[in-house]
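So this is what it looks like as structure tokens:
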């Protein structure tokens with residue numbers, strides 16, 4: 001996991017370290033052609049002029065990075081990321097590390113942030129969230145040799161270490177519970193379909209519904225916001241064969257779905273049972289309190305932080321399967337009324 005240095009640039013360019021310093025700092029002493037070649041090599045291996053002193057001294061940043069491709073307004077209301085970050089911070093602060101957080105617009109912007117952080121020695125490693133099946137960030141981080149831990153999986157993480165939970169098992173448990181209550185028309189309001197964990201949940205939902213003979217089971221997509229969760233719920237509840245139970249991919253959408261059901265005059269759980277993913281205090285504050293899939297998310301963040309600090313220290317680290325979310329039945333689920 002060696003960081004690029006002035007010596008690396010000099011060796012690739014076939015010049016002295018002094019010539020590299022002249023070129024990077026815009027000083028006379030090298031030809032323009034040589035300067036441009038040195039600058040191109042420095043950019044290619046992720047080295048910038050501002051990193052020179054730190055690179056030569058071998059100092060570490062004592063910080064790790066987390067770049068999130070989510071609108072900032074969503075992060076402020078979604079309990080999952082706040083709890084995850086609290087667990088990360090607890091572990092990092094005990095080791096005198098800081099967390100650098102940045103919101104980005106897309107994967108290309110995220111990769112650019114990684115290159116800048118690593119080149120400028122702002123971080124010693126990064127967390128990667130919201131894994132995709134064909135994720136461009138994984139090979140980019142491998143090329144940079146930037147220490148990283150993927151929060152998600154399993155699989156699709158290349159040589160990067162990861163921490164993940166078995167979402168498929170949790171989804172199967174939930175559907176089987178609803179079927180045991182007597183539900184046959186079950187729907188799911190999923191998150192962003194491009195995310196790996198959404199795909200895993202969707203495949204598990206499709207497979208268990210097929211196995212249990214639930215021909216009318218369906219998934220509709222959303223973006224984790226209350227607004228989109230509410231729209232998806234209205235579409236489902238306005239259909240001729242409306243579902244008697246809905247599983248939501250996060251608590252914010254589930255609470256929005258509860259409001260829509262009440263707005264449409266449906267009783268929860270008499271007319272509609274609701275299950276939320278990622279149990280949070282919000283699920284217990286509404287009426288009726290929501291049946292939810294929950295796990296210790298701060299601990300999940302803490303485990304990810306330990307993995308990353310181990311990678312930074314050069315220790316051998318691979319994938320870690322964390323706790324599977326478990327179902328907590330509450331007042332929002334019951335046997336369906338006979339219609």
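Numbering (the UniProt record's numbering), first residue to last: 1 to 339. Glycine included, every Cβ here is placed at the ideal spot set by N, Cα and C. Since the model is a prediction, treat every value here as computed from it, not as a measurement.
Between the CA atoms of residue j and residue i - distance to the nearest angstrom
i	j	result
residue 106	residue 336	42 Å
residue 25	residue 293	55 Å
residue 164	residue 22	46 Å
residue 119	residue 47	5 Å
residue 384	residue 202	Outside the displayed range of the chain (1 to 339) lies residue 384, so it cannot be described from this structure.
residue 204	residue 175	10 Å
residue 56	residue 74	Bear in mind that a pLDDT of 44 at residue 56, under 50, signals an unreliable position, so the number given afterwards is only what the model happens to contain. Rounded to the nearest angstrom, the two C-alpha atoms are 41 Å apart.
residue 51	residue 257	Residue placement at residue 51 cannot be trusted, given a pLDDT of 49 that sits under 50; what the coordinates show is reported in the next sentence. Cα to Cα, residue 51 sits roughly 50 Å from residue 257.
residue 270	residue 147	51 Å
residue 286	residue 244	20 Å
residue 284	residue 295	15 Å
residue 145	residue 199	28 Å
residue 123	residue 113	11 Å
residue 237	residue 246	10 Å
residue 18	residue 44	19 Å
residue 121	residue 13	22 Å
residue 61	residue 98	9 Å
residue 262	residue 207	31 Å
residue 149	residue 193	22 Å
residue 79	residue 143	33 Å
residue 135	residue 29	43 Å
residue 115	residue 326	38 Å
residue 224	residue 127	21 Å
For residue i, the three-state DSSP class (helix, strand or coil)
i	result
residue 132	strand
residue 210	helix
residue 233	helix
residue 174	helix
residue 219	strand
residue 301	helix
residue 183	coil
residue 103	strand
residue 11	helix
residue 67	strand
residue 152	coil
residue 47	coil
residue 29	coil
residue 295	coil
residue 195	strand
residue 86	helix
residue 145	coil
residue 317	coil
residue 328	strand
residue 123	coil
Buried or exposed (CB count within 10 angstroms, at least 16 for buried), residue i
i	result
residue 183	buried
residue 38	buried
residue 40	exposed
residue 210	exposed
residue 35	buried
residue 53	Because the pLDDT of residue 53 is 49, which lies under 50, any placement of that residue in the model is unreliable, and the question is left without a value.
residue 77	exposed
residue 11	exposed
residue 222	buried
residue 190	buried
residue 133	exposed
residue 273	buried
residue 141	buried
residue 240	exposed
residue 125	buried
residue 168	buried
residue 137	buried
Selected residue, minimal CA-CA separation from residue i, among the options
i	options	result
residue 328	301, 276, 312, 306	276
residue 139	160, 124, 257	160
residue 173	9, 239, 324	324
residue 196	151, 99, 252	151
residue 94	191, 305, 331, 332	305
residue 235	264, 117, 278	264
residue 268	135, 249, 334	334
residue 42	79, 65, 4	4
residue 129	162, 248, 166, 20	162
residue 259	135, 278, 233	233
Problem - Cβ contact (3+ pairs, closer than 8 Å) linking the segment 316-327 and the segment 151-161 - result: yes
Problem - Inter-stretch contact at 8 Å, needing at least 3 Cβ pairs: the segment 75-94 / the segment 295-313 - result: yes
Practice task
Could you tell me whether the segment 102-120 touches the segment 65-74, where touching means 3 or more Cβ pairs closer than 8 Å?
Solution key: yes
Exercise for the section: Could you tell me whether the segment 184-195 touches the segment 213-225, using the rule of 3 or more Cβ pairs below 8 Å? Expected result: yes
Practice task
Would you check if the segment 253-269 and the segment 221-229 touch, i.e. whether three or more CB-CB distances between them fall below 8 Å?
Solution key: yes
Exercise for the section: Say whether the segment 281-296 touches the segment 306-314, bearing in mind that this needs 3 or more beta-carbon pairs closer than 8 Å, one atom from each stretch. Expected result: no
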